[in-house]
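FYI, the numbering for the sequence shown is -18 to -1, 1 to 262, going by mature numbering (1 follows the signal peptide of the UniProt record, and there is no 0). Just so it is clear, CB atoms sit at the ideal spot from N, CA and C, and this is done for glycine as well. All values derive from a computational prediction rather than experimental measurement. Report on the following structure.
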Amino acid sequence: MLMLAPFFMVVTVRVVSNKCYYVAPQKKIWFDAEAFCTNSGPNAHLISIASAYENANVNAVVVSTSSVSDCHQFWIGGNDIEQTGQFVWIDGRPWGYANWAAGQPHLNQQCVSSAARTNGKWKTESCANQNCFICEMFMGGSTSLPPTIWPLTNMTDCKDWFNYGAHTDGIYSINPDGRGAFNVFCDMTTDGGGWTVFQRRNDETFSFDDKSWNEFKAGFNNGLEYDLWLGNDHIHVLSTKDFNVELRIDIWGDQNPRHPNPNGYWWEKHNSFSVSYMLL
C-alpha cells in the first residue's frame, strides 16, 4: 500500500493532422519511453504509423526538431512482444503499413525503431537499448480506443513488469489470475521497484468515508495516478496468487494539512500479507 505524489508533466508538441507529436531528446529503453508517453497526457503512447504519408510527416517533424540532432534511432510503438513475428502497435491500432530497412525485421529483437532523421526506415532492436523516441496524442486527448497502457496478457503484477524491464512509475495492465486484465498504478522506483499500488490518499480532496461496501469491493479512484482504492476483489487475487506477498505502507505528514508534523515521513513493511476471500 503506497501513497505517492501525483505526476505532472508539460511537453511541447507539434500538431500534424489530428495528432500531436512530441519528439523526446532523452534516451530511454522502449518500456520507459512508452511509460513517459502515457504519463504525458490522456491516451498518449509511442507513435503508430499507418501510411507512407504519415511516416513522411513524422520524419519531417523529427528533422525540424533541433534538440534531437544527436539521435540516430527513435523508438516507435511497434513490437512483437506478444508473439514473435506478429507485429502490433502499442496504442492498439491495426498493423498494416510498414517501412522496414533491408534485411529487417530481425525476429530475435522485439521493439521497433525508426531512422526518422535520415531515411525513415524501421528496424527491430533489443527493447533494452536506449533511444530517443516519439510520442503521439490525439487532438482533444481522446481516441476511440481504450486507454490501456501495456496490452500484454502474461504480466500478473507490477513486479512482473519490473522484471521485464519497465522501470518507470505509471499505469500498467496486469492479469493476475488469467480471468481478465485490468489497469493498476505501478511504483517502479520505491524500495527496489515493482510495487502494485492498491491505496493512495494524497489529501482530503477525494473522500473515502462516504463509499459503500460494494464500492470498496469493486474499487474506486479519481484517476489511478491520484487517489485510489483498487478494490477488495483485485487485492484478494493479488495478495493470494503468490506464496509470500509483501505489504509496504508509506505515510507523509504533509498529505494532511492539519498534521502536527507536516515534514514527517514514516514507512513500514509486512510479510505474508493477504486479503481473505471471507472479507469479500
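Do you know whose CA, among the options, lies nearest residue i's CA?
i           : options                   : result
D159        : D224, S51 and N39         : D224
K10         : P24, N243, G147 and S33   : G147
W234        : Y208, V166, D185 and E207 : D185
S155        : Y79, F167, H218 and V40   : F167
N196        : D215, Y208 and C53        : D215
N101        : N37, R161 and V70         : N37
K105        : C114, N81 and R183        : N81
D62         : N90, V43 and T47          : N90
residue 263 : F115, R230, G213 and D209 : Nothing can be reported for residue 263: it is not among the residues displayed for the chain, which extend from -18 to 262.
A200        : D191, F190 and L212       : L212
S221        : E250, V179 and L206       : V179
F164        : R182, F18, T150 and I217  : I217
residue 264 : G23, W12 and N41          : Since the displayed the chain opens at -18 and closes at 262, residue 264 lies outside it and no answer follows.
W249        : R230, P242, P76 and N243  : R230
D232        : R183, D142 and P242       : R183
L210        : W143, Q181 and F198       : Q181
Have a look at the DSSP bridge pairing and note the partners of residue i.
i    : result
E93  : With the sequence shown as reference, residue 93 is identified as Cys, and Glu is not the correct amino acid for it. C93 pairs with N61 and E107.
D169 : W177
L229 : H252
Y4   : C117
H216 : Partner(s): none; H216 has no beta bridge.
G152 : C168
K10  : N113
G27  : The question names Gly, yet the displayed sequence has His at residue 27. E118.
Y247 : W234
W77  : In the DSSP output, where bridge partners are listed per residue, W77 has none listed.
H203 : The amino acid occupying residue 203 in the given sequence is Asn; His does not appear at that position. DSSP output for N203 lists L210 as bridge partner(s).
V70  : N61
W82  : W104
R183 : According to DSSP, which records beta bridges pairwise, R183 is partnered with nothing at all.
Which value, in whole angstroms, describes the spacing of the CA atoms of residue i and residue j?
i    : j    : result
N245 : D173 : 20 Å
H88  : V257 : 45 Å
A15  : M170 : 14 Å
E228 : Q65  : 32 Å
T130 : N25  : Confidence at T130 is low in this model, with a pLDDT of 34, below 50, so the placement of that residue is unreliable and no value is reported for it.
C2   : N145 : 32 Å
Y35  : S108 : 27 Å
G85  : N113 : 21 Å
A32  : K103 : 14 Å
G176 : N203 : 21 Å
Q8   : C93  : 18 Å
R161 : V44  : 41 Å
P133 : F18  : With a pLDDT of 42 at P133, under the threshold of 50, the modelled position of this residue cannot be trusted, and the question is left open.
S254 : N226 : 5 Å
D192 : E207 : 21 Å
I72  : G152 : 15 Å
Y247 : T150 : 23 Å
V70  : F13  : 15 Å
H54  : N21  : 24 Å
N157 : V219 : 10 Å
S194 : N39  : 50 Å
S46  : A83  : 22 Å
D142 : P76  : 26 Å
S49  : G74  : 29 Å
F190 : P242 : 22 Å
Quick one: using the 10 Å Cβ neighbour count with 16 as the cut-off for buried, is residue i buried or exposed?
i    : result
A6   : buried
H252 : exposed
Q68  : exposed
T187 : exposed
A110 : exposed
Y79  : exposed
Y4   : buried
S30  : buried
H27  : buried
R240 : exposed
N41  : buried
T125 : Low confidence applies to T125: its pLDDT is 40, below 50, so where it sits in the model is not reliable enough to give any reading.
What do you reckon, is the C-beta of residue i under 6 Å from a heavy atom of the ligand COA?
i    : result
G176 : The ligand content of the structure shown is nil, which means the ligand COA is not present either.
* Contact between the stretch 112 to 122 and the stretch 137 to 144 (3+ Cβ pairs under 8 Å) -> Segments in contact, no.
* Asked: Touch check for the stretch 54 to 63 and the stretch 93 to 107: three-plus C-beta pairs under 8 Å?
  -> A contact exists between the stretch 54 to 63 and the stretch 93 to 107.
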